[in-house]
Structure formats: C-alpha cells, structure tokens
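Colleague: Anchor point for the sequence shown: position 10 equals 54 in this note's numbering, and the numbering is continuous, going up by one each time.
Here a beta-carbon is modelled for each residue, glycine too, at the ideal position from N, C-alpha and C.
Since the model is a prediction, treat every value here as computed from it, not as a measurement.
My questions will all concern the structure given below.
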Amino acid sequence: MAWKRLIFFIFFISSITQADEIRLNKIVNLDEPWGSSFINDDEIIITEKEGKIKIVNIDTKNISNVDHNLNFLVYGQGGLLDILHKENSLWVSYSENRGDWKTSTSIARAKLNKKKLSFTNIFQAEPPIDSGYHFGSRLVIKDNYLYASAGERGQGMIAQDPASHPGSIIRIHLDGSIPKDNPKFKGKDNWLPEIFQIGIRNPQGLFLSPFDQKVYMSNHGAKGGDWFGEVKKGENYGWKILGWGGTNYSGTKIGPKWKPGFTKAIKYWVPSIAVSAITIYKGKEFKEWNGLALITSLKDMSLRSLDFSNLQDVKEKVIFKNQIGRIRDIQVHPTTGKIYFLTKDALWLMEKN
45 MAWKRLIFFI
55 FFISSITQAD
65 EIRLNKIVNL
75 DEPWGSSFIN
85 DDEIIITEKE
95 GKIKIVNIDT
105 KNISNVDHNL
115 NFLVYGQGGL
125 LDILHKENSL
135 WVSYSENRGD
145 WKTSTSIARA
155 KLNKKKLSFT
165 NIFQAEPPID
175 SGYHFGSRLV
185 IKDNYLYASA
195 GERGQGMIAQ
205 DPASHPGSII
215 RIHLDGSIPK
225 DNPKFKGKDN
235 WLPEIFQIGI
245 RNPQGLFLSP
255 FDQKVYMSNH
265 GAKGGDWFGE
275 VKKGENYGWK
285 ILGWGGTNYS
295 GTKIGPKWKP
305 GFTKAIKYWV
315 PSIAVSAITI
325 YKGKEFKEWN
335 GLALITSLKD
345 MSLRSLDFSN
355 LQDVKEKVIF
365 KNQIGRIRDI
375 QVHPTTGKIY
385 FLTKDALWLM
395 EKN
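Structural data, given as structure tokens:
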C-alpha cells in the first residue's frame, strides 16, 4: 500500500505544481455558452445553447448580440451548438426544429456580419428524432472539407446504421456539396454519402492537428468509457456493440471495451470524466505543450494534457481540476497562444503566472 500512496502523492504534487504555473481569469459572464471561434485577435464569437449568438471583445470585455435566422429548438441537450469562423464565413451546428418535437443535428453557413447573420442550411442529419439527447457536435475545416460530429441521439444501435446520420462523423465540402471520395463512393454503397465514420455515441470534441494534419475527436461515453481518438475514413468505433469500458446508466453491461474489427481509441477514461472539447496545442504562451492534446471535461471539471507521440505509452497529466466549473469549449488564441474556455456561465482566460 505504501507504493500506492507514493504514486498518489507524486501525481498530486505534479498537478499542483502545474496549477501554480498558470493563472485563470474570468473575462465575462455568459448563459450556457456552447461553441466559440476567434474572428480576429480581439473578438471571439460564441453560441449560447438557449439561442443567442454573441461577440465578445476579449480586451474591452464588451458583449454584443448578433441577430440570426436559425430555426432551432432548445430541447434537453439541444440548442445552438458549435460555431466556426474562417475567411469571413461562419458555420454553425444546432438542433434544428423539424416539427412535432423532432430535431436533427444540422449545419448552416453564413457570411460574417456582426449585426445580423443570414444562415442557409447545408446539412441535416436524417432522420429527425424526438429526443433531447446526444447531438454532438463539433466542426472542423481541413482544406476544402468540413468535418462535423453528430451524436446518436440516445438511440444506441442507430450508430451502426450507415443509412442514418446519427452516431457518425460527417464530411462535406464547405458549401455542403458531397466529396466524391467519401466512403459511399469507395466501396461502401450502403452508406449515406455524407458519412465518413460510424459507431460514435456523443462526440463533443473535434480538432485538426496543425502538426500531422489529422483530425482527432473525443467521445462522451455512457457510465464510464470516454475516449480520445483519430477520425478514420470508413471505419467504425463500435457503439453500441462496444461499451468502451462503460455500462448503461441502469448498470447493465453494454459490450467489451474493444475488439478486433473496430477502430481503437488512443486513450480511454474508465470511469468517465465526461470529456468535452479538445485541442492540439500550438502556441507561444505554453511552448512546452506544443503537440499535446488538451482535453476538457464536464464531470470532473478538469483540463488534462495527453502526450500521444508514442501510442504504446500515452502520457496524461492533470493541469487543473475543480477551478472554473464544467468546461464546455477550449480555444487557443491565434497569436498569443493563451487559452480561452467556455464554462457553464462564463468565458475564462488561462495564461502563465
């Protein structure tokens, strides 16, 4: 038992040391913010789950509301979700009101306008479902492709049905058109044309690594069984055949952690930390973290780093825990490398002490 106490002590001291090297400051209060994206060095655009889009000036702390025309429905975990800016355009994912309490994880595009946004849908997950669970959803641009994560809406095995969008990674062009090298056109005839990968539960993190140009994701598991892994064309992460180490909330078993024939994650968390957004850090402020995955969580309210340069020996560190509440999103400032978080009720800044 002595060696276990020693390991815990070393882990605890390491976490405290890292926490002492950083400073966390609240920028502004918000109401259930969900997604964020820098539109310039001074301003970050933010969605709030209940339906507002706001622009925050991180220097002056001024908040401005932006009108929009999204046909959203706030239902359970649904509402406005992620938002992404590039070259004066915006993409947003949201729970679209499809009538009779049915919703879909949908994606819309607009030209950036700081007063009013006129969005046009470019993707709707089919079928629409009467459920307030597991929308996903994050957005990533790689070249001329938009990657999006769509949750399985609490429907379990629908994630194994490539003729349905829920529970998958979507890959479309920036205008919504379909790439001709998606799996459907490369031997998987029964897949919907937008689907890139299947077998996913509630993917709340998605990021393009600036180091290897691969897209990585995080997935919020059931009772136990969160993971971080790579997006891989035409593959299957196994939900709900696999449980990834977790169980149903009723306590009943789901399936094995992993088995051959399915994509294996890089890192699993059992028990669950309720993993949310991720980034692969590149910046000046925390140079020692360049190339590391930074993982945020809701349940244990932590920020963790993962060194996954050696997949046989992934190293994890807790940077801080229980400091700012449940963390929903993470952004690295494009110039300074300072880190910004969305929590349940605020925008926060993390910088060196």
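Any idea which residues DSSP pairs Asp351 with across the strands?
Modeller: Stepping through the sequence shown from its first residue, residue 351 is reached at position 307. The partner list for Asp351 (beta bridge, DSSP) reads Lys359.
Colleague: Between Thr369 and Met345, is the Cβ-Cβ spacing less than 7 Å?
Modeller: Here residue 369 corresponds to residue number 325 of the sequence shown, with the count starting at 1. Here residue 345 corresponds to residue number 301 of the sequence shown, with the count starting at 1. The sequence shown places Gly at residue 369, rather than the Thr named in the question. Taking 7 Å as the Cβ cut-off, Gly369 and Met345 qualify as a contacting pair.
Colleague: Excluding sequence positions up to five away, which residues of its chain have a Cβ less than 6 Å from the Cβ of Gly211?
Modeller: Taking the first residue of the sequence shown as 1, we reach residue 211 at position 167. Taken in chain order, the residues that qualify are Glu196, Ile202, Ala203 and Ile244.
Colleague: Comparing C-alpha positions only, which one of Pro315, Leu236 and Ser262 sits nearest to Asp373?
Modeller: Reading the sequence shown from its first residue, position 329 is the one you call residue 373. Nearest option by C-alpha distance: Ser262.
Colleague: What's the C-alpha gap between Lys388 and Lys228?
Modeller: Position 344 of the sequence shown, counted from the start, is the residue given in the question as residue 388. Position 184 of the sequence shown, counted from the start, is the residue given in the question as residue 228. Between Lys388 and Lys228, the C-alpha separation is close to 39 Å.
Colleague: Given 6 Å as the limit, tell me if Ala337 has its C-beta closer than that to any heavy atom belonging to the ligand COA.
Modeller: This structure does not include the ligand COA; it has no bound ligands of any sort.
Colleague: Using beta-carbon positions only, say whether Gln121 and Gly79 come within less than 7 Å of one another.
Modeller: To locate residue 121, count along the sequence shown from 1; it is residue 77. To locate residue 79, count along the sequence shown from 1; it is residue 35. Contact flag unset, no.
Colleague: Could you pull out every unbroken beta strand (DSSP E) segment of at least 3 residues lying fully inside the segment 245–315, listed in chain order?
Modeller: You should have 249–252, 259–263, 270–274 and 311–313.
Colleague: Just to check my reading of the structure: Leu183 and Asp256 have Cβ atoms closer than 8 Å, yes? What is that Cβ distance to the nearest angstrom?
Modeller: Taking the first residue of the sequence shown as position 1, residue 183 is located at position 139. Taking the first residue of the sequence shown as position 1, residue 256 is located at position 212. Not a contact, Cβ separation roughly 20 Å.
Colleague: Rank Asn113, Ser133 and Leu134 by C-alpha distance to the C-alpha of Asn141 and give the top, closest one.
Modeller: Mapped onto the sequence shown, residue 141 falls at position 97. Of the candidates Asn113, Ser133 and Leu134, the one whose C-alpha sits nearest the C-alpha of Asn141 is Asn113.
Colleague: Taking DSSP as the reference, what is the three-state secondary structure of Met345?
Modeller: For the purposes of this step, residue 345 is identified with residue 301 of the sequence shown, where counting begins at 1. If DSSP states are grouped into helix, strand and coil, Met345 belongs with coil.
Colleague: Considering only their Cβ atoms, is the gap separating Ser139 from Ile151 smaller than 7 Å?
Modeller: As a first step, residue 151 must be located in the sequence shown, where it is residue number 107. As a first step, residue 139 must be located in the sequence shown, where it is residue number 95. Not in contact: Ile151 and Ser139 (Cβ atoms no closer than 7 Å).
Colleague: Excluding the five sequence neighbours on either side, which residues of its own chain have a C-beta within less than 8 Å of the C-beta of Lys276, listed in chain order?
Modeller: Along the sequence shown, one-based indexing puts residue 276 at 232. Gln241 and Thr307.
Colleague: Check whether the segment 287–298 touches the segment 218–233, counting contact only when three or more Cβ pairs, one atom from each stretch, lie closer than 8 Å.
Modeller: no
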